[in-house]
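Numbering (the numbering used here), first residue to last: 1158 to 1593.
Below is one structure, written out as C-alpha cells, with a few remarks after it.
What follows is the structure in C-alpha cells.
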C-alpha cells in the first residue's frame, strides 16, 4: 500500500486517480482540493434562479473512443451532441469561422488587400520563423494577420504576437488554400473547416457532471488548500492546520505557486524560472435573459479592441437544462495577466460594459429582460506561450522530477490542454508511479 496524494480534483487529478485505480493502487489514495467542491477549472455552478454556468466554457470533442465511452458512462449516457457553430464579430460584421476563408461581405478594399497579401505569402519562402507574428505573416499575409488574429491574440493572450512562440498552435488556426480563400470571398456559403465539428456536453448539472462518478476512485478531501510541501520529509501541510505524509504525490497546482510559494528549499534559479511562467486571468460575466433566440452560434470571437469581451459562449445551447424554460444565457470572457495586462477593475465593474457591448453587437436589445447577472474571477486561465516559457518550464519540470513531485494538467504541464488532454496528462503522471 503506497501513500499516494493527488493535489487537485479537476480533469487531470481524476485522470491520475482513474489510472491508479486500474492498477489497484487506491488503498491509500487521497485527493485534496482547496475549494469546497470538486472540478477545479471544470467546475459548474447552479444558481438559485435556475441557471448553470461553468468555470469558463467547456466542451468535450475528443476523438478518443476510450474517453468518449468513459465520459458517456459517467453521465449514464445522458449527454447532448451538438454541432460546433462558431462565428466572429468585426466592426459590425458577423463572419463565419474561420475568417480567413469566409471574407464574403467585408469591405471590398480590405478583401482585395487580404487576397493580394495571402497570394504573396503563399508563394514566397517563409525563412526562419521566430515568433507568432512572423508565422502569421508567413501563413496569411500582413493585412489579414494585422486585422484579425494579431488583434484577437492580444485580447486573448494579453501579449503582442512578436513576443509569443508557436508551440501552442496545433490545428487551432486553419491554413486554407488559395482556392478556399477566393471562394470564401465570392460566396456567402462555405464548407465547415473548423477543427471542432461536433462535441458532447452533459445533459444535466453542467460540465462537471462528467466527473461525479469519479468521486469513488479516492478519498476526497475538500477545503484543503496546500500551504507547504516538505519534500525531504515527504509531508504536505494545509491552511486548515492538517498535515499528511506521502510516498508519492501528483500535483495539478499551478507551477508558479508550487515553486515560488509552496515547496520548501527551492533553489533561487528555479524560483526565478517559475516567476517567468505567465498565465492569463479571466473575469467571467454571466448573463441570463428571458429569451433564447438571439444566436445560433455556440461561441463567438470578437476582434474589436474596444469591445470589452474577447469571446462569448452560450450555455443554453449546450444543454436546455442550463437555463429556466424559455431562457437564454451568455458567458463573456475578459482577459488580463500579471505580466502583460494587470487586472484594473473588479468583476462587478465589468457587468454593465458587457451588457452595453452585447447591445452594440445586436445580441441584446432594449426590450430584453435581464433576469440574471453574476461574475467569476479565474486567477489561472490560459497559459501564455511567450518567448520565456520554454526554457523556464524546462528548469521547473527538471527540479520537480528531481524531488519526485509528479505534475499534470494545464497548470502542471503548463500547456494548452483540452479536456481529454488534461485527463490523459493525469493518467501519464500516474503511470510514472506505476512504472516505479
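Don't be surprised by glycine CBs; every beta carbon is placed ideally from N, CA and C.
query	result
Cβ neighbour criterion (16 or more within 10 Å) applied to residue 1513	exposed
Residue 1478 burial status per 10 Å Cβ neighbour count (16 or more: buried)	buried
Bounding residues of the beta strand (DSSP E) (the contiguous stretch that carries residue 1311)	Where residue 1311 is concerned, there is no enclosing beta strand (DSSP E), although the alpha helix (DSSP H) it sits in stretches over 1306-1314.
Beta-carbon gap between residue 1457 and residue 1245 smaller than 8 Å	yes
Where the beta strand (DSSP E) through residue 1359 begins and ends	1355-1359
Any 3 or more C-beta pairs closer than 8 Å across the stretch 1330-1339 and the stretch 1533-1553	no
Three CB pairs or more closer than 8 Å across the stretch 1345-1354 and the stretch 1176-1183	no
C-alpha gap between residue 1186 and residue 1162, whole angstroms	6 Å
Cα-Cα separation between residue 1393 and residue 1402, rounded to whole angstroms	6 Å
Straight-line gap, residue 1233 to residue 1587 (C-alpha atoms, nearest Å)	26 Å
Three or more C-beta pairs below 8 Å linking the stretch 1406-1419 and the stretch 1443-1458	no
Backbone CA spacing between residue 1543 and residue 1324 [nearest angstrom]	10 Å
Cross-strand partners of residue 1439 (DSSP beta bridge)	1492, 1535
Rounded Cβ spacing between residue 1209 and residue 1363 (contact assumed at less than 8 Å)	4 Å
Rounded straight-line distance, which links the Cα of residue 1189 to that of residue 1277	55 Å
Pick from 1481, 1397, 1235 that is closest to residue 1205, judged by C-alpha positions	1481
Residue 1226 (DSSP reduced to helix, strand or coil)	helix
Residue 1480 in three-state terms, based on DSSP	coil
Residues of its chain near residue 1361, where Cβ-Cβ distance is below 8 Å and the 5 sequence neighbours each way are ignored	1232, 1235, 1476, 1478
CA nearest to the CA of residue 1576, picked from 1198, 1254, 1307	1198
Delimiting residues of the beta strand (DSSP E) encompassing residue 1161	1161-1164
Top-ranked residue by Cα proximity to residue 1418, from 1453, 1384, 1507, 1257	1384
Secondary structure, alpha helix (DSSP H): runs of 4+ residues fully inside the stretch 1501-1535	1508-1517
Residue(s) in a DSSP beta bridge with residue 1406	1162, 1562
Residues near residue 1292 in its chain [Cβ-Cβ closer than 6 Å; skip 5 each side]	1286, 1323
Assigned secondary structure, residue 1252 (DSSP; H/G/I helix, E/B strand, else coil)	strand
8 Å Cβ shell around residue 1207 - same chain, five flanking residues per side excluded	1480, 1481, 1484
Supposed contact pair residue 1496 and residue 1435 - C-beta distance, whole angstroms, cut 8 Å	4 Å
Opposing strand residues paired with residue 1485 [DSSP bridges]	1446
Close beta carbons around residue 1532, own chain, < 8 Å, minus the five adjacent residues each side	1440, 1441, 1442, 1443, 1504, 1505, 1507, 1508
Sequence ranges, alpha helix (DSSP H) only - wholly within the stretch 1321-1381, length at least 4	1335-1343
Residue range of the beta strand (DSSP E) that includes residue 1277	Premise fails: residue 1277 lies in the alpha helix (DSSP H), 1265-1279, not in any beta strand (DSSP E).
Spatially closest choice to residue 1368 from 1545, 1263, 1426, 1217, by CA coordinates	1217
Endpoints, the alpha helix (DSSP H) within which residue 1433 is located	1425-1433
Enclosing alpha helix (DSSP H) for residue 1203 [first to last residue]	Note, residue 1203: premise wrong, no alpha helix (DSSP H); beta strand (DSSP E) at 1201-1203.
Residue interval of the alpha helix (DSSP H) (run including residue 1178)	1168-1179
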